[in-house]
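Those protein sequence lines, which keep their order, are chains D and V.
According to my numbering, the first sequence is numbered sequentially starting from 1.
According to my numbering, the second sequence is numbered sequentially starting from 309.
So the structure is just underneath, and the comments pick up after that.
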Amino acid sequence: MFRYIVRRLLQMVLTFFGATFVVFALVFANQDDPLQALAGERPITESQRLALTERYHLDEGFFTQYGYYMKGLLTGDFGESLTQRKIADLLADAWPTTARLALLALVIAAVIAISAGVFSALRRGGVFDNVTLVATLIILAMPIVVIAPLAQLVFGIQLGWFPPTSGADPSLWALFLPALVLASSVLATQLRVTRTSVAENLRSDYVRTARAKGLSYRRVVSVHVLRNSLIPVITLIGVDLGQLMAGAIVTEGVFNIPGVGFNLVRAIRTEDGPLVVGFVSVLVIVFLVVNLLVDLLYAALDPRIRYE
Amino acid sequence: MSDMNSVTAAEAPEKLSAQPRRGKSDKNRSLAGDAWNDLRKSKIFWFAVVLVAAVLLMAAWPSLFTSADPNECALNRKHAGPSGGAIFGYDFQGCDVYARTIYGARNSIIVGIASTALAGIIGIIFGLSSGYFGGAVDAVLSRIIDIMLSIPFLLAGIVLSRRLSSDPNDNGLLAVILTLGLLTWTSSARVMRSAVIASKSQDYVAAGRMLGAGPGRLMFRHILPNSIASFIVVLTILLGVNIGVEATLSFLGVGLKGDAISWGIAISEGTGFARVASGPLVWPAVFLGLTVLAFIMLGDAIRDAFDPKLR
């Protein structure tokens, strides 16, 4: 197990450097004139130019700049945005909202997916099963950019069941509709995995044994089958969490939720390069760490899996 | 795979594109014939085919569906309700929503097909060489794919698309195509790789090698035509997904822009005025949703028909 963790960590480091380098290169390589972009339309004096060049290391090579950035990142200094705010502060403001939204979405998705998945696996080929199969295909296909504005229009504005937008520091209730939208993007896959996994386990030997020694069907399903079937689902939920943290961009934009995605889009629109790279790097780290934890959890949950 | 197949594969690979990858030599029917029999009976398949055909028709000849000019807008009918020709009403600039929705299909289809083709070509090259050569080549290419997959897709798309179209006068079409192509080839490369590994050890490849065929000929004339079925399914689904991502990027303001007509832009503008008029938001969203759904359903139906395990 220990050797596996070490190997995964080394792989993670490699991926982390690769990913941040790609993002850094995309944002900063061959920039036209960042100082003029900073100053806008106003002319910029020679001495200002010199001072700023010195401060942002603009006269150095591209790789040296990346080196400076990595050094800052590893010592916990994410740098400053072009508007002179500390990126770490901006992240600290935005992060809790996004985390709450993602967790709420995950809970909604898991509850619906697991209960509906188990139910349709128990009645395979029945009406409910067929309806959910078609429904999950449709949900799976719909881009968030279709679901989010339509949900806002129908449930937020026309029916008025939920608040259509959530301003600064939203309550859990204000986050419910966006979380539901976000949940739809991961729900379908979770449901299908639950269904397949339960259906497969129902046919396994240990179920027959349990039934043969006189356990009730209810107990066999709810304890034996469910416990074994949820292992792949839990892995999937973990992977989804990473995705939700990063993927709430459209949802946060539509519902005006001041989270990470919302800030990121604003940073891209105002051409705030350092802010974009800062946010994306942190999101990549979150994504990688969550994926690692999921892999380890997988091994802990299922004693049949041994990494050596 | 039977010997007969390997002979025909050498002679006429293009005719074999629909041939089974790991099919058993059935009594009279091939796996492709079986699959077609399944498909013919599937309602979902026909539903998807009709939708796809309608969207393609819309993209090719929008004037078949509407005689209105999508760029003819008049502010005095801003947010006006449905009337005579404009059955979906008018948007906030007084443009005909129906005409703009019909004309929007073209950009979606162009981006979808071009970016998927690009992703497919990169996927073929990476997947073929990774699967065929194995060893160090495979290790390096797999690591590159790992890095690509570790960057959240939409984030990378935003940054890359923004980067590629810095010119404000350009409508962003080429940038979006390149962005999607360069970011989405990983799934097709993986499918190609595993298909190649599966068919590499087949007898007909060994026979070809013994007859003196080089790696290039083996890969492109023998292995590729026999591994292409599952690859095409992945690309069909990817086509639908890419149309959705194009709309998402345009929605966020980093995809198509300027005077380009796009469902994503229309949804973005419609969201801002949803309280005043819902038509300009709802119709592009419905068309986009149905288009994406159609391609994904088509791919899904074909895959189910070709997968013997699901029978």
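All C-beta atoms, glycine included, are put in the ideal place defined by N, C-alpha and C.
### Query
How would you call V/K565, buried or exposed, if buried means at least 16 neighbouring beta carbons within 10 angstroms?
Position 257 of the second sequence, counted from the start, is the residue given in the question as residue 565 of chain V. Classification for V/K565: buried.
### Task
Would you mind reading off the limits of the alpha helix (DSSP H) that contains D/W95?
By 1-based counting over the first sequence, the position of residue 95 of chain D is 95. Segment 87 to 122, the alpha helix (DSSP H) holding D/W95.
### Task
Quick one: give me the first and last residue of the alpha helix (DSSP H) that V/T494 is part of.
Numbered from its first residue, the second sequence carries residue 494 of chain V at position 186. That run of the alpha helix (DSSP H) goes 481 to 508.
#### Entry: Own chain partners of V/M527 with C-beta closer than 7 Å, once the 5 adjacent residues on each side are dropped
Along the second sequence, read from residue 1 onward, the residue named residue 527 of chain V stands at position 219. Excluding positions up to five away in sequence, the list reads L436, Y440.
### Task
Using three-state DSSP, classify D/E80 as helix, strand or coil.
Taking the first sequence and counting its residues from 1, the one referred to as residue 80 of chain D is at position 80. Strand, per DSSP.
### Task
Under 6 Å Cβ to Cβ from D/N263, same chain only, skipping five residues before and after it: list those, please.
For the purposes of this step, residue 263 of chain D is identified with residue 263 of the first sequence, where counting begins at 1. Excluding positions up to five away in sequence, the list reads A94.
### Query
Would you call the CB atoms of D/A109 and D/R195 closer than 7 Å?
Your numbering for residue 109 of chain D matches position 109 in the first sequence. Your numbering for residue 195 of chain D matches position 195 in the first sequence. Not in contact: D/A109 and D/R195 (Cβ atoms no closer than 7 Å).
### Message
Can you give me the C-alpha to C-alpha distance between V/S333 and V/S507, rounded to a whole angstrom?
### Response
As a working mapping, residue 333 of chain V is identified with position 25 in the second sequence. As a working mapping, residue 507 of chain V is identified with position 199 in the second sequence. Any reading at V/S333 must be qualified, since the residue scores a pLDDT of 46, below 50, and its modelled position is unreliable; no value is offered.
### Task
Please determine, among V/V562, V/L519, V/S538, V/G520, the residue with the shortest C-alpha to C-alpha distance to V/L484.
Taking the first residue of the second sequence as position 1, residue 484 of chain V is located at position 176. Note that residue 484 of chain V is Val in the sequence shown, not Leu. Ranking V/V562, V/L519, V/S538, V/G520 by Cα distance to V/V484 puts V/V562 first.
### Message
Below 9 Å on C-beta distance, what does D/Q190 contact in chain V?
### Response
Against the first sequence, residue 190 of chain D aligns to sequence position 190. Here the premise fails: no neighbours, minimum Cβ distance about 18 Å.
### Query
V/D404 bridges to which residues according to DSSP?
On the second sequence, position 96 is the one that residue 404 of chain V refers to. In DSSP, V/D404 forms a bridge with V/Y398.
### Message
Can you find the residues in the same chain that come closer than 8 Å, C-beta to C-beta, to D/L292, ignoring five residues on each side of it along the sequence?
### Response
Residue mapping note: residue 292 of chain D aligns to position 292 of the first sequence, counting from 1. The beta carbon of D/L292 is closer than 8 Å to those of R8, L9, M12 in its chain, skipping five residues each way along the sequence.
### Task
Answer yes or no: does any C-beta atom of chain V fall closer than 7 Å to that of D/V265?
Here residue 265 of chain D corresponds to residue number 265 of the first sequence, with the count starting at 1. Yes, contact with chain V.
### Query
Quick one, which residues of the segment 366 to 379 of chain V are near chain D if we go by CB-CB under 8 Å, in chain order?
none
### Message
Can you give me the C-alpha to C-alpha distance between D/N256 and D/G117, rounded to a whole angstrom?
### Response
Locating residue 256 of chain D in the first sequence gives position 256, counting from the first residue. Locating residue 117 of chain D in the first sequence gives position 117, counting from the first residue. Roughly 32 Å separates the two Cα atoms.
### Message
What are the residues in the segment 476 to 500 of chain V lying within 7 Å of chain D by C-beta distance?
### Response
none
### Query
Skipping 5 residues on each side, what residues in its chain have a beta carbon closer than 6 Å to that of D/I231?
Position 231 of the first sequence, counted from the first residue, corresponds to residue 231 of chain D. Same-chain partners within the cutoff: L301, D302.
### Task
Can you tell me which of the three DSSP states D/W161 falls into?
Start at 1 with the first residue of the first sequence, and residue 161 of chain D comes out as number 161. Three-state DSSP puts D/W161 in coil, outside helix and strand.
### Task
Would you check if the segment 450 to 460 of chain V and the segment 518 to 527 of chain V touch, i.e. whether three or more CB-CB distances between them fall below 8 Å?
no
### Message
the ligand SAH and V/L601: does the residue's C-beta get closer than 6 Å to at least one heavy atom of that ligand?
### Response
Ligands are entirely absent from the displayed structure, and the ligand SAH is therefore not among its contents.
### Query
When you compare only the Cα positions, how much space is there between V/A388 and V/S586?
Translated into the one-based positions of the second sequence, residue 388 of chain V becomes position 80. Translated into the one-based positions of the second sequence, residue 586 of chain V becomes position 278. Spanning the two alpha carbons is a distance of roughly 11 Å.
### Message
Just to make sure I have the definition right: I need the residues of chain D whose C-beta is within less than 8 Å of the C-beta of V/T544. Which are they?
### Response
The residue you call residue 544 of chain V lines up with position 236 of the second sequence. Simply none; closest approach about 12 Å.
### Query
Rounded to a whole number of angstroms, what is the C-alpha to C-alpha distance between D/A19 and D/R49?
One-based indexing of the first sequence puts residue 19 of chain D at position 19. One-based indexing of the first sequence puts residue 49 of chain D at position 49. Spanning the alpha carbons of D/A19 and D/R49 requires a straight line of approximately 31 Å.
### Query
Since D/E80 contacts D/K71 with CB under 8 Å, what's their CB separation in whole angstroms?
For the purposes of this step, residue 80 of chain D is taken as residue 80 along the first sequence, with counting starting at 1. For the purposes of this step, residue 71 of chain D is taken as residue 71 along the first sequence, with counting starting at 1. The pair is not a contact, with the Cβ atoms about 15 Å apart (cut-off 8 Å).
### Task
Going by CA-CA distance only, name the one from D/L296, D/Y4, D/V23, D/V111 that's closest to V/I459.
Residue mapping note: residue 459 of chain V aligns to position 151 of the second sequence, counting from 1. Per the Cα distances, D/V23.
### Query
Which chain A residues are close to D/F287, counting only those with a beta carbon under 7 Å from its beta carbon?
Checking the listed chains, one finds no chain A in this structure; the protein chains it contains are D and V.
### Task
Closer than 7 Å by beta-carbon distance: list the chain D residues that pair up with V/R302, in chain order.
One cannot answer for residue 302 of chain V here, as it falls past the ends of chain V, which runs 309 to 619.
### Task
Taking only beta-carbon positions, decide if V/G397 is within less than 7 Å of chain D.
Numbered from 1 along the second sequence, position 89 holds the residue referred to as residue 397 of chain V. V/G397 does not count as touching chain D.
### Query
Which word fits D/T83, buried or exposed, when buried means at least 16 other C-beta atoms lie within 10 angstroms of its C-beta?
Working through the first sequence from its first residue, we reach residue 83 of chain D at position 83. D/T83 comes out exposed.
### Message
Give me the subset of the segment 591 to 604 of chain V whose CB atoms are less than 7 Å from a CB atom of chain D, sorted by chain position.
### Response
A593, L596, G597, V600, L601, I604
### Task
Buried or exposed for D/S197, please, with buried defined as at least 16 other CB atoms from any protein chain shown within 10 angstroms of its CB.
The residue you call residue 197 of chain D lines up with position 197 of the first sequence. When all chains shown are included, D/S197 counts as buried.
### Task
Check whether the Cβ atoms of V/L449 and V/S438 sit closer than 7 Å, and answer yes or no.
Working through the second sequence from its first residue, we reach residue 449 of chain V at position 141. Working through the second sequence from its first residue, we reach residue 438 of chain V at position 130. A contact, by the Cβ cut-off of 7 Å.
### Task
Please classify D/F17: is it buried, with 16 or more other beta-carbons within 10 angstroms of its beta-carbon, or exposed?
Stepping through the first sequence from its first residue, residue 17 of chain D is reached at position 17. With fewer than 16 other Cβ atoms within 10 Å, it is exposed.
### Message
Taking 7 Å as the limit between beta carbons, can you name the residues of its chain near D/G278, skipping five residues before and five after?
### Response
Start at 1 with the first residue of the first sequence, and residue 278 of chain D comes out as number 278. Once the five neighbours on either side are set aside, the close Cβ partners of D/G278 are F78, G79, I87.
### Query
In chain D, which residues lie with their C-beta within 9 Å of the C-beta of V/T556?
As a first step, residue 556 of chain V must be located in the second sequence, where it is residue number 248. Under the 9 Å cutoff, chain D gives P143, I144, V145, I249, V250.
### Task
Starting from D/T64, follow the alpha helix (DSSP H) in both directions and report where the run begins and ends.
Position 64 of the first sequence holds residue 64 of chain D. 62 to 74 is the extent of the alpha helix (DSSP H) around D/T64.
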